[in-house]
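Residue numbers (my numbering): 83 to 115.
Using N, Cα and C, we set each Cβ at its ideal position, and we do this for glycine too.
Nothing here was measured: the structure is a model prediction, and the numbers come from that model.
These notes concern the structure reproduced below.
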């Protein structure tokens, strides 16, 4: 996954698990059946 590096033209490629670890994100299901 690519996320903005905060400057024009600077993108950072991370695995989703690494992004969660780096940001302390909480992962939750958001879809309905």
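Per-residue DSSP class, three states only, for residue i
{"i": "residue 92", "result": "coil"}
{"i": "residue 85", "result": "strand"}
{"i": "residue 98", "result": "helix"}
{"i": "residue 192", "result": "Past the boundaries of the shown model lies residue 192; the chain is included only from 83 to 115, so the question cannot be answered."}
Residue i vs residue j beta-carbon contact at 8 Å
{"i": "residue 112", "j": "residue 102", "result": "no"}
Supposed close pair residue i, residue j - CB separation, criterion 8 Å
{"i": "residue 85", "j": "residue 92", "result": "Contact flag wrong, Cβ pair sits at about 10 Å."}
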